[in-house]
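Following: one structure in structure tokens, then a few remarks.
Residue numbers (this note's numbering): 2 to 112.
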């Protein structure tokens, strides 16, 4: 699609409330799902999976580091980062915050 046309389509969908801009991404809104006859995603996940364990670690008050999550799940660090971005942020709509104390690894927490 031509870049100029693409932006006009996005602007039109935003104006009608069919999509929303959240977390740096455009997402289908509740009105958009209704317009296409689909139910919005529930943002739920299966328990007992590696992803569920990752979420549990990140929900702790102190959060979790990439290395802690990788060790717990058996994933490589790049897989942990990709899961944060794609599954947790984009698909499940979770807000992830991070902080780094001096001399400590960066810790990630689900807000």
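Virtual Cβ for every residue (Gly too), placed ideally from N, Cα, C.
Practice item. Please classify residue 103: is it buried, with 16 or more other beta-carbons within 10 angstroms of its beta-carbon, or exposed? Key: Counting from one through the chain shown, the residue named residue 103 turns up at place 102. Exposed.
Check your understanding: Mapping DSSP to helix, strand and coil, what is residue 20?
Key -> For this step, residue 20 is matched to residue 19 along the chain shown. In the structure shown, residue 20 sits in a strand (DSSP, three-state: E or B).
Exercise for review: Taking residue 64 and residue 108 to be in contact with their CB atoms under 8 Å, please state how far apart those CB atoms are, rounded to whole angstroms.
Suggested key: Here residue 64 refers to the residue found at position 63 of the chain shown. Here residue 108 refers to the residue found at position 107 of the chain shown. Beta-carbon to beta-carbon, residue 64 and residue 108 are separated by about 4 Å, close enough to satisfy the 8 Å threshold.
Check your understanding: Which residues in the same chain have their Cβ closer than 6 Å to the Cβ of residue 59, if we skip the five residues on either side of it in sequence?
Key -> Stepping through the chain shown from its first residue, residue 59 is reached at position 58. Hits under 6 Å: 65, 109, 110 and 111.
Review point. Hey, how far is the Cα of residue 85 from the Cα of residue 71?
Key: Residue mapping note: residue 85 aligns to position 84 of the chain shown, counting from 1. Residue mapping note: residue 71 aligns to position 70 of the chain shown, counting from 1. The straight-line gap separating the alpha-carbon atoms of residue 85 and residue 71 is approximately 12 Å.
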